[in-house]
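Here the structure comes first, spelled out in structure tokens, and everything after it is commentary.
Residue numbers (my numbering), protein chains in the order written: chain A, 109 to 329; chain B, 11 to 232.
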């Protein structure tokens, strides 16, 4: 079978898998951003208990594998009465895992906003919430955007693992097609190229654009 | 805790500990391969041949931005299609070694670029060969700034070994899944796997930070 015959026969399955992969990436990215913000801010809280909760969360999710977390959420959590549908379990696991890595980026970026900005906000009698939202976070965002670009690619790669709990993403479709045709080079090769295109020609340019957009927004262009 | 059976826990613990040995071995072999290949990738990008630099650069980018689990499948299944049969261990080590070599090459590249240009000029004026310059002058200075990244990826490779279970390498995750399907109990095996991972990766990460500080002190860098 030529490669074009292969593509015309299995192309639509690979395309539908790609759509699921993109959907998973977007959903788990949103979850990861929310968790990263919450945990990153909690890590800086004055209250030791709040700091402790965030530290435990971050260490657990960074200290074990995404695959272990995914299996735990999918196979063990139902025993505690929390049954997630496989698609939900998939993006929740990826989002929670990458959120822990993101939390450290948030914390680092907030700490690297110059001291004078905190003092100026204090001198202007801003409330702590307003200081964080209006002065510190926007500047921290600009500092942490470049490492978030890498994290987003890690996240895309992480979504491939959900194929192992049978979510029909790109990886899963490739596995199924390989199982019935044994055309491994074509199936896995095509899937690799699609992941590469998503990472290099969609996520990376988007993050670059976001960096430029934020720089302009903050009047630093 | 809820429905946790301690007798079952003690029964399966020896099997999981034995499998942890395999996990550590996979991480160790994979890392050794990655450390060496990564240096090859990094040095190949510093030769005067632009075509080679570009080719290696693209290959590194490609490997870095595609999922490891897919690469593991690729290496394992593509071989037999062309008559080359690899054992799960060999295929797994090649895939994970290549993946982390591409990460490490970026770490080395950063380290090598942080060595001041004057060091090269000094080595040239002393008439040192390129190999001698690299091994006696440049790499020793590039190493300390690379250590943090190298340490992170050592922990990283350890945490990625569960992916080898997909092609049947009998590491920790594979054993836990096997126990689960034999006994229909997933709570204890998967939770224990998580605990074992934490128990190894947290002290290792802390140890690496101490080691890094020690190297810096030794070299008089801080």
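Built from N, CA and C at the ideal position, the CB exists for glycine as well.
Residue 91 of chain B carries a helical assignment under DSSP once its states are collapsed to helix, strand and coil. Within chain A, the C-beta atoms nearer than 7 Å to that of residue 172 of chain B come from 173, 175 and 176, in chain order.
Your pair residue 82 of chain B and residue 167 of chain B does not check out as a contact, with CB atoms roughly 13 Å apart and the cut at 8 Å.
For residue 156 of chain B, the nearest beta carbon of chain A is not closer than 8 Å to its own beta carbon. For residue 249 of chain A, the number of other beta carbons within 10 angstroms of its own is at least 16, and it is reported as buried. The CB of residue 204 of chain B comes closer than 7 Å to the CB of 172, 176 and 180 in chain A, given here in chain order.
Nearest Cα to residue 219 of chain A within the set A:149, A:263 and A:303: A:149. The DSSP-derived three-state label of residue 143 of chain B is helix. Contacts between residue 201 of chain B and chain A, judged by CB atoms closer than 8 Å, involve 180 and 184 in chain order. In the displayed model, residue 75 of chain B falls within coil according to three-state DSSP, outside both helix and strand.
In the DSSP annotation of this structure, residue 275 of chain A is not part of any alpha helix (DSSP H), being labelled neither H nor E. With a contact defined as Cβ atoms closer than 8 Å, residue 208 of chain B and residue 168 of chain A qualify at about 7 Å. Distance from the CA of residue 311 of chain A to the CA of residue 212 of chain A, rounded to the nearest whole angstrom, comes to 21 Å.
Between the alpha carbons of residue 109 of chain B and residue 237 of chain A lies a gap of roughly 43 Å.
Relative to the Cα of residue 266 of chain A, the nearest Cα in the group B:96, B:229, B:80 and B:64 belongs to B:80. Bounds of any alpha helix (DSSP H) do not take in residue 178 of chain B, whose DSSP letter is neither H nor E. Assigned with DSSP and collapsed to three states, residue 153 of chain A falls in coil, not helix or strand. For residue 171 of chain B, there is no enclosing alpha helix (DSSP H), as DSSP marks it with neither H nor E. Rounded to the nearest angstrom, the Cβ distance from residue 202 of chain B to residue 14 of chain B is 11 Å, too far for a contact under 8 Å.
Cβ-Cβ distances below 7 Å link residue 211 of chain B to 165, 168 and 169 in the same chain, with the five nearest sequence neighbours on each side left out; the list follows chain order. Contact check for residue 206 of chain B and residue 26 of chain B: beta-carbon distance about 7 Å, within the 8 Å limit, so the pair qualifies. Taking C-beta separations shorter than 6 Å and ignoring five residues to either side along the sequence, the partners of residue 208 of chain A in its chain run 166, 169 and 170, following chain order. Distance from the CA atom of residue 210 of chain A to the CA atom of residue 87 of chain B, rounded to whole angstroms, is 34 Å. Chain-order list of chain A residues neighbouring residue 98 of chain B: empty, with the shortest C-beta distance near 15 Å, by a criterion of under 7 Å. In this model, residue 74 of chain B and residue 206 of chain A are separated by some 17 Å (Cα to Cα). Under the 10 Å beta carbon count, residue 283 of chain A is surrounded by 16 or more other beta carbons and is classified as buried.
At a cut-off of 8 Å between beta-carbon atoms, residue 76 of chain B makes contact with chain A. Counted as a single uninterrupted DSSP element, the stretch harbouring residue 233 of chain A is not any alpha helix (DSSP H), since DSSP gives it neither H nor E.
Under the Cβ criterion (8 Å, minimum of three pairs), the region 121-134 of chain A counts as touching the region 268-288 of chain A. It is roughly 21 Å from the alpha-carbon of residue 42 of chain B to the alpha-carbon of residue 67 of chain B.
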